[in-house]
Structures are given as structure tokens and as C-alpha cells.
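Encoded as C-alpha cells, the structure appears first; notes follow it.
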Amino acid sequence: MQIWSGTHVDDIALSHLCETYSGSGERMEYSDFKALTDWYRETYGFTCSEDQRPAADGTCGPTFQGIARFFLSSNTFALMTERYDLMRYADVAFYCKYAPSQVDMRNKSNTCVDKCAGIANCNPFPCLLWPDQPLTPYASNWHLAESLFGGGAIRHVNCDEKTHVFEDFLEAVFGQTSYTHEWADHDIKAASREFYLTCLVDKGSNSYILTIGPILSIFGGVMTIMTLFRRFHGPPWPELGINLLILSLIMILFGFWSISIGTVSEISQYAICGDTPAPVSFAGMRYDGRPCVDRNTKGAESWNPFVYELSLVYSTYVVGGVMTFLSVVMFLGLVTGFTETMMGDRFGKYLVSLNDMPNIKLPFPHHQSGPTTTAPSAPSTQHEAQEAPRPAPVEPTPEPPAAAPAAPAAAPAEATPAQGAEKGGD
């Protein structure tokens, strides 16, 4: 859900936006831009730029800067900075074929150019691009909110469809002309390709932020499940899987912030009018100038197609993100509990419990102190003193009897005459 909505939040079909603008989903084509250019040349003519070569009648062809300045009238940022390369953020009238129903068709001369005659930095839209621009075949449409300092609604439109319109514009205005700004087919293709790539780059960072979170959660979940197999028991696979899951949680929260900036700011410009009567809401417009999201220009109940599609993508991303966030959190809890159990079963015999800690002998004898005797602690209470067992009386050890004095040594006996005679005979 998140991957789909993250890649579609800036990929809404151009037909939804044109249906909102004029009631019809058709886009501008080569013939429409050709009719606009021919009418302006015949009515007003084009001012020659410095690098143009005038024709035989002294007239010049259109310039890209001049046309871009006209269609970027609703983008104040582009006008103030003279960013005429921002045609990808041009007004919706540049992309949609029909004029909206609120344009007064009774006065054909009331074109966009006439509305801004003599007014600097004028935003004429919605209006008739040229007097013969076809009006919507439908009786009603919806008002679009203005976006003066950003891309607005056109930013969320598919880049490929916008590129087709831009290529038809270049072909009709600059292709096959006899002026200095004549564009060959390969020039138009190159400019269209650059337009397309620039549009993708503008949206790429937002799509990356919105999709990286769910992608990381998928990889983290798969890698963590793989650790159940013997081949992936050891490092770094368990730690890598858990770290990817934690990182995915961070990116999912960051994605909520990113999509809120890109879509909520656009949706919040519309109001739900409901059945409120005039003057609170009238003809699809709120009294404070906000367009009604649930009322068309005829005041009938009908939801704005573009805002509806944008809201659908946004709500899908939020719902999918909440589900992904909760599933990752629960998965982390299960995986962490299993890992602790597995570590205890495998390595418990190598671990030492707290009860065995006093019996451990340190490997360094010089750090061990000799046995010490501690005096018995005094009883804390009188009751303990009464119940404490009294030490048994120590009987005196009898001393051993004194040893008898040793007898004096006997005096040597005197020799007899017989013994002396024997000694003498010898």
C-alpha cells in the first residue's frame, strides 16, 4: 500500500485535473497551440528579440520566454525570479483543452490578453486563451485553488502526460518556421526529453522518501526470518535484520511528514461546503474564497475529481504506514524474545548465575585477600536478642600432668682385682 501510494502521489492522471478545471479530461494538442499562435500573430504580432531575423513583412516569430511568461502568470515565484524554465508548473490552462464553464462566452473578445491589458503581474486565469477556444461540453466543473508560490495542483500530475503536451506546444510554435528560432525535430525531442527528466528529478526526492521506509521494512523482515535457518545463525545477519527494521520505523515516520507537506497543504485549500446556503457558499465557492470540494460550479453536490484522487492516495499511504509501523514493532518484539530464548538455550551452560558468583576464584592471586573474621553483629531488636541461641559454655581443657624428674646417672663401678689381672695379662 505504501509503495503504490508513494509512487502515485505525484503521478495523478492529467485527465483528473482537466476534468476538474473544465469538466472534460481532454488535454491540449498540436492544433490548439497552432490556433493560439496564429491568432496572436494576426492580432498583436510578436516583438522581435535581439537574435531574431525579421521576415519580409518585418514581423518576427514567438519566443519561448514570452510564451512562458504568459502561462506562468499564476506562478508568482517563477515571475519574480524569471524562471521561465518552470513550464512544468505552468497554469492548468496550458495543459487542458477546453475553457471552463465560468468563462463568459458572450463576449468573444474577453480573452486572457484583454483581461490583463495594461496590468503588470496579472493572473487572468481562468479565461479564453483565444476567442475560438472551445468551451467545455459539460455544464459544470469545479473551482481550482490558486498556488502562487509553488507547483500547486499541476505538480502532482504524471510527468509523461505533461511532456506530451509540452512537445506538441514546441512543435506547433517553433517547428517548421522560417525564423531564426526554427527548431528541427531532434531539437524538439531533446527539449522534451529534458523537460521530462527535470520533472522526474523534482519528484524523485519525495518518492524516495515515501518508498524507502516500506522497502527497508521488507528487507529487514526477510533478513530476520532468514536467521531462523542454520546458515544465517551467526553474525552479521541477526543484527543487520534488526537494524534495518529499526531504520524502517524512522523512515516511515519521516514519510508521514513528507507526504503531509506535499498533499495536506494542497487539500487544505479546499472547503467542505455541504448544504450551507448562500452567501456562505455559492456556485461551488466559499464566502472566504476557498473552492468547495463537494460542490461544482452549479452548486450541485459532486466531489472534485482531482482532490478526491489526491485524498485517496494520501489516506492509502497513511493507513498502510500505520499498519507497517505496528507490524514492524510487533515483529521486533517477537524476534527479540526468540533471540533471547535461543541465546539462553545455546549459551546458558557457559554463563554463570548470581548464586555461583561467590565461588568464583579470581585468576590473579595477588588480588585475593586472606580470610578475615567478622564479629557477629548485635541483635537489632530485643525480641531477636531473646530468641538468639546462647553460645554453649566452654569447659576448661585439663592441663597435662607434669613429667617426673629424670633419675640421676649411676656412678661408674670400681674395677675388681680379677678384672685388673685380666687387663694386665692382656
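Heads up: the sequence shown at position 114 corresponds to 514 in the numbering used here, and the numbers run straight through without jumps.
C-beta atoms are modelled at their ideal positions from N, C-alpha and C, and glycine is treated no differently.
Since this is a predicted model, take the numbers as computed values, not measurements.
Coil, strand or helix - residue i by DSSP
i      : result
Ser424 : coil
Ile412 : strand
Glu666 : helix
Glu546 : coil
Glu701 : strand
Pro575 : It is Gly, not Pro, that sits at residue 575 in the sequence shown. Note: Gly575 maps to strand in three-state DSSP.
Arg593 : helix
Val557 : strand
Thr716 : helix
Ala499 : strand
Trp530 : coil
Cys512 : helix
Ser681 : strand
Cys418 : helix
Arg695 : strand
Phe446 : strand
Cys460 : strand
Arg441 : helix
Met401 : coil
Nonlocal neighbours in the same chain, by C-beta distance under 6 Å from residue i, ignoring five residues either side
i      : result
Thr463 : Ser449
Phe525 : Ser474, Asp491 and Ala493
Leu754 : Residue placement at Leu754 is poorly supported in this model, since its pLDDT is 46, which falls under 50; the coordinates are not used for a value here.
Leu732 : Leu645
Phe595 : Thr563 and Phe566
Ile612 : Met651
Cys599 : Arg488 and Cys559
Ser422 : Cys496, Tyr498, Pro500, Thr536 and Asn541
Asp676 : Asp is not the amino acid found at residue 676; the sequence shown has Thr there. None.
Glu429 : Asp568
C-beta contact flag for residue i and residue j at 9 Å
i      : j      : result
His543 : Gly684 : yes
Thr724 : Ser617 : yes
Ser665 : Gly674 : no
Gln465 : Tyr484 : yes
Cys516 : Asn510 : no
Val729 : Leu649 : yes
Val622 : Gly641 : yes
Residue of the options minimising C-alpha distance to residue i
i      : options                           : result
Leu710 : Ile642, Ala413 and Asp532         : Ala413
Ser431 : Trp530, Cys460, Pro454 and Phe446 : Trp530
Thr459 : Leu472, Ala468, Phe471 and Thr443 : Thr443
Cys418 : Pro705, Val713, Ser727 and Val722 : Pro705
His416 : Leu645, Asn558 and Val664         : Asn558
Ala468 : Asp514, Val573, Leu597 and Lys515 : Val573
Leu597 : Arg488, Ser681 and Asp532         : Arg488
Ser727 : Ile672, Gly620 and Thr716         : Gly620
Tyr495 : Phe682, Ala553 and Val565         : Val565
Val831 : Gly423, Leu535 and Leu486         : In the structure as shown, the chain begins at 401 and stops at 826. Residue 831 is therefore absent and cannot be evaluated.
Asn643 : Thr624, Ala700 and Thr611         : Thr624
Phe477 : Lys562, Pro679 and Glu546         : Glu546
Lys434 : Leu486, Gly518, Gly552 and Phe569 : Phe569
Asp532 : Tyr538, Ile519, Cys512 and Asn523 : Cys512
Arg453 : Glu582, Gly604 and Ala499         : Glu582
Thr646 : Gly518, Pro614, Gly689 and Ala499 : For the sequence presented, residue 646 should be read as Ile rather than Thr. Of Gly518, Pro614, Gly689 and Ala499, the residue nearest in Cα terms is Pro614.
Asp438 : Gly461, Met428 and Glu429         : Gly461
Gly604 : His556, Leu486, Trp637 and Ser668 : His556
Ser501 : Gly445, Ile519 and Cys527         : Cys527
Leu486 : Ile519, Gly552 and Pro636         : Gly552
Val718 : Leu734, Ala678 and Ser660         : Ser660
Spatial neighbours of residue i in its chain, beta-carbon cut-off 7 Å, leaving aside the 5 residues before and after
i      : result
Leu436 : Leu529 and Trp530
Ile609 : Phe654, Gly655 and Ser658
Phe632 : Met626
Asn606 : Asp410, Ser658 and Gly662
Thr420 : Asn541, Trp542, Leu544, Asn704, Pro705 and Phe706
Beta-carbon separation (whole angstroms), residue i vs residue j, contact threshold 8 Å
i      : j      : result
Tyr670 : Pro691 : 5 Å
Glu426 : Lys497 : 4 Å
Gly575 : Ile588 : 6 Å
Glu567 : Ser592 : 4 Å
Ser424 : Pro537 : 6 Å
Asp688 : Ile672 : Going by Cβ atoms, the distance from Asp688 to Ile672 rounds to 13 Å, so no, they are not a contact pair.
Ala539 : Lys698 : 6 Å
8 Å CB neighbourhood of residue i in its chain, flanking five on each side removed
i      : result
Leu479 : Arg469, Leu472, Ser473 and Asn521
Arg686 : Ala671, Cys673, Val680 and Cys692
Ala700 : Ser540
Closer than 8 Å: residue i CB and nearest the ligand MG heavy atom
i      : result
Ser605 : The model on display carries no ligand, and the ligand MG is accordingly not part of it.
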